[in-house]
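> Sending over a structure as structure tokens; questions will come in a sec.
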Amino acid sequence: MSETALALPVAAPARRGWRVGEWGWAIGLPVGFTLVLLALWQAAADLSGIPTVLLPSPLAVLRRAAEVWPELLDNARYTGLEAVLSFLIASLLGVAVAAALSASERLREALYPNLVLFQLIPKIALAPLFVLWLGIGSASRLTFAVFVSFFPVAIATLAGLASADGNALRLCRSLNARGWQTFLAVRVPYSLPFLFSGLKVAATMAFIGVVVGEFISARAGLGYYILFASSRADTPGILAAIGMLCLLGLALYGLIALGEQAARRWWRGG
Amino acid sequence: MNAPASAPKATALASPVPAGPQGSVQARPPTPRPDFIKVESARKVYATGRDTVEAVSDVSFSVTRGEFVAILGPSGCGKSTLLMMCAGLESITSGRIGIDSMPMTGPRESIGVMFQDSTLLPWKSVLENILFPVRIMRRPVRDYMDRARSLLAMTGLTGFEHKKPHQLSGGMRQRAAICRALVTDPDILLMDEPFSALDAMTRDEMNEALLGIWDRQPKTALFVTHSIREAVLLADRVLVMTRRPATVVEDLRIPFPRPRDPSIGESEEFNRLVRHLRGLIERGPRGAGAPPAMAATP
């Protein structure tokens, strides 16, 4: 800026006394909000005299988590493993089905309405069926979790593959591109943002599927632990297990978000 | 790669204006084949529900090898449809389009197409976008690297080859699209209003760039535009299309020799041609009777 310029107030850039930055706000605000909420909860639990069985304070939950930590960790391993595994299977299956539907118009016409219809079924209600079919082992929980998390991936990916820029598709046609070339070079990259939003939903659904499965039939896992704790009126234990589930879900979600960021960097580049 | 800069045949000047100021010194390579692109009674009818719309009605013209022909007309006159039929991207309802004496059946590798939108893939670098046709045609990329780089240099994009499209201006994106259309050295370049999305100044710049490219890489070209001045500046011949009927009503030879400079746009001759074309577009063909079936000069 030149010093001789007429000192127009308009030209002065806005300055803040201290700089927080975009990331500071993006992380600080939600964390701060959560802390405030926890503090209120703590105060409510301490001051209201509601019994711990009904409303344990956050500190009581933490204390309980520390007490049963090895047990929590052990159960979390089961749940986490099954959820991640079913998430992976559901993702691969969802992408494969979407690719097949995108490749064949006939197949799409035949299956897509059914896919949407299936999506509408409250799939949780089907969980007992899976136990009936596949027994009370891992297989039934995995299959059920795959079943509930598969749809969001398939439908989002299909929408993504269909979202490819019409001009880019026309360009491919003008170059006499084969179907698979157009698919890999244009449709797949255009589908990535959709795919990742589908994966994020699927990650949540996979945990829901596994925990519901564990509610019905399990001798291990956080769902089992929650049921067990509730039978003993161990409310802090239930909440500790739920906190553990949140951490697991967050970890998977974080991995997907990282993948999404990598994809976005590849897209927009620097 | 560098064919000699060529001038149009300065002999055939059956236009309402006198011949250009300087005669052409350099002749084309001997015996240009007369009909490189031949369009015969081409029609395109769209069925929309119960109605049918005649997007192109009975268009005939031919283009010799190396000629730059502009198709000029108001929006909705079917000129883009006509171009897409020549590109093999639209079917022909009736009539025939032959290129290099082979009937058009679908897109061909010997035809490069440029669209109104630059249609660069946003995740690919400029260089990768330019090499896209090479990859799709499954030719060895290293054979085309030099050509891609010299095209980049010719269009002033050197230094931007590793940028992504969103980091370029609209004009630069469209220049990259020209490079992409030329990278496999097609015989024919079809351009569908390639500069119409650009602002006026960028557009002038692009016209100048295209003239420069044409001096170094002369190709047979069809160039669809609704800008009269652009058509006169760039083309060896201007075909005028009207809306109703959607057909060619005029085939005007543009006498300016090449290499051309955009400054010819200020000449009296240039403006007379522009006025003549504008008259045709605004009032329709006068005294020409039925629209000429074959390209006839007035």
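Protein chains in written order, with the UniProt record's numbering: chain R, 1 to 270; chain C, 1 to 298.
Every residue gets a Cβ at the ideal spot worked out from N, C-alpha and C, and that includes glycine.
All of these numbers come straight from a predicted model, not from anything done at the bench.
To the nearest angstrom, report how far apart L252(R) and G160(R) are at their CA atoms.
Going from the Cα of L252(R) to the Cα of G160(R) covers about 22 angstroms.
> In terms of DSSP beta bridges, what is T52(C) paired with?
T52(C) is bridged to A47(C).
> Report the three-state DSSP secondary structure of E234(C) (helix, strand or coil).
The identity of residue 234(C) in the sequence shown is Leu, whereas the question assumes Glu. If DSSP states are grouped into helix, strand and coil, L234(C) belongs with the helices.
> To which residues does DSSP link I89(R) through a beta bridge?
Its beta-bridge partners do not exist; DSSP assigns none.
> Nearest-angstrom Cα distance between G21(R) and L29(R)?
In a straight line, the C-alpha of G21(R) is about 12 angstroms away from that of L29(R).
> For K38(C), name the three-state secondary structure that DSSP assigns.
Correct three-state label for K38(C): strand.
> For G76(C), which residues in the same chain have their Cβ closer than 7 angstroms to its Cβ, ignoring the five residues on either side in sequence?
Cβ within range, chain order: R243.
> Any residues in the region 121-137 of chain C with a beta carbon nearer than 8 angstroms to a beta carbon of chain R? Which ones, in chain order?
So the list reads L121, P122, W123, S125, F132, P133, R135, I136, M137, given in the order they occur along the chain.
> So within the region 131-219 of chain C, which uninterrupted beta strand (DSSP E) runs reach at least 3 residues, ignoring any that extend past its ends?
You should have 188-192.
> DSSP state of P70(R), grouped into three classes?
In the structure shown, P70(R) sits in a helix (DSSP, three-state: H, G or I).
> For F33(R), count neighbouring C-beta atoms within 10 Å of its own C-beta (all shown protein chains included) and say buried if the count is 16 or more, exposed if not.
Exposed is the call here.
> May I have the straight-line CA-CA distance separating I111(C) from A103(R), to the nearest angstrom?
Distance between the alpha carbons of I111(C) and A103(R) is about 27 angstroms.
> Compute the Euclidean distance between the alpha carbons of W214(C) and N207(C), then round it to the nearest angstrom.
Answer to the nearest angstrom: the Cα atoms are 10 angstroms apart.
> Taking the beta strand (DSSP E) that S94(C) falls in, what are its first and last residues?
94-99 is the extent of the beta strand (DSSP E) around S94(C).
> Give every residue of the same chain whose Cβ lies closer than 6 angstroms to the Cβ of P292(C), excluding the five residues on either side of it in the sequence, and list them in chain order.
Residue confidence is low: P292(C) scores 38 on pLDDT, short of 50, so the model does not pin down where it sits. No coordinate-derived value is stated.
> Looking only at C-alpha atoms, which of L134(R), F144(R), R108(R), V97(R) sits nearest to K123(R)?
Nearest option by C-alpha distance: F144(R).
> Examine chain C for any beta-carbon lying closer than 9 angstroms to the beta-carbon of S174(R), and answer yes or no.
S174(R) counts as touching chain C.
> Within the continuous beta strand (DSSP E) that includes G198(R), where are the two ends?
That residue, G198(R), is in no beta strand (DSSP E); its alpha helix (DSSP H) goes 188-216.
> So which of G243(R), L250(R), A229(R), M244(R) has the shortest CA-CA distance to V53(R)?
Taking only the C-alpha atoms, the option nearest V53(R) is A229(R).
> Contact defined as beta carbons within less than 8 angstroms: I believe S91(R) pairs with V153(R). What is the distance between those atoms, to the nearest angstrom?
Their Cβ separation, rounded to whole angstroms, is 5 angstroms, which keeps S91(R) and V153(R) in contact under 8 angstroms.
> Looking at the C-beta of F115(C), does it have a partner C-beta in chain R at a distance below 9 angstroms?
Chain R contact via Cβ: present.
> Can you have a look at R237(C) and say buried or exposed, based on whether 16 or more other CB atoms are within 10 angstroms of its CB?
R237(C) is buried by the Cβ-count criterion.
> Taking 9 angstroms as the threshold (beta carbon to beta carbon), is A162(R) in contact with chain C?
Taking Cβ atoms only, chain C never reaches closer than 9 angstroms to A162(R), which makes this a no.
> Would you say W69(R) faces chain A, with C-beta separation under 9 angstroms as the test?
You won't find chain A in this structure, because its protein chains are R and C.
> Just to confirm, are R108(C) and G95(C) a CB contact at a threshold of 9 angstroms?
The answer is no: Cβ separation not under 9 angstroms.
> Thinking just about the alpha-carbon of each residue, which of T204(R), S217(R), D234(R) is nearest to the one in L247(R)?
For the residues T204(R), S217(R), D234(R), the minimum Cα distance to L247(R) belongs to T204(R).
> Output, in sequence order along the chain, the residues in the region 86-97 of chain C whose CB is closer than 9 angstroms to any CB in chain R.
Answer set for the region 86-97 of chain C: A87, G88, L89.
> Look up residue 302(C) in the DSSP assignment and say whether it is helix, strand or coil.
Residue 302(C) lies beyond the range of chain C shown here (1 to 298); nothing can be said about it.
> Considering G249(R), what are the terminal residues of the alpha helix (DSSP H) in which it resides?
Note, G249(R): alpha helix (DSSP H), 235-268.
> Let me check understanding here. Comparing Cα to Cα, which of D199(C), L121(C), R138(C), F68(C) lies closest to D187(C)?
Among D199(C), L121(C), R138(C), F68(C), the Cα nearest to that of D187(C) belongs to F68(C).
> Rounded C-beta distance between L157(C) and M172(C)? I'm assuming under 8 angstroms.
Their Cβ separation, rounded to whole angstroms, is 6 angstroms, which keeps L157(C) and M172(C) in contact under 8 angstroms.
> Just verifying my parser: in three-state terms, what is the DSSP assignment at V240(C)?
DSSP places V240(C) in strand when its eight states are reduced to three.
> Out of curiosity, what's the CA-to-CA distance linking I71(C) and M201(C)?
Each residue's alpha carbon lies about 22 angstroms from the other.
> Pull out every residue of the region 233-251 of chain C whose Cβ sits closer than 8 angstroms to any Cβ of chain R, in chain order.
Result list empty, no residue passes.
> Determine the contact status of R170(R) and F115(C), defining contact as a CB-CB distance below 9 angstroms.
Yes, the pair counts as a contact, with Cβ atoms nearer than the cut-off.
> Who are the near neighbours of V95(R) in its chain, counting only those whose CB is closer than 6 angstroms to its CB and skipping five residues on each side?
Cβ within range, chain order: T157.
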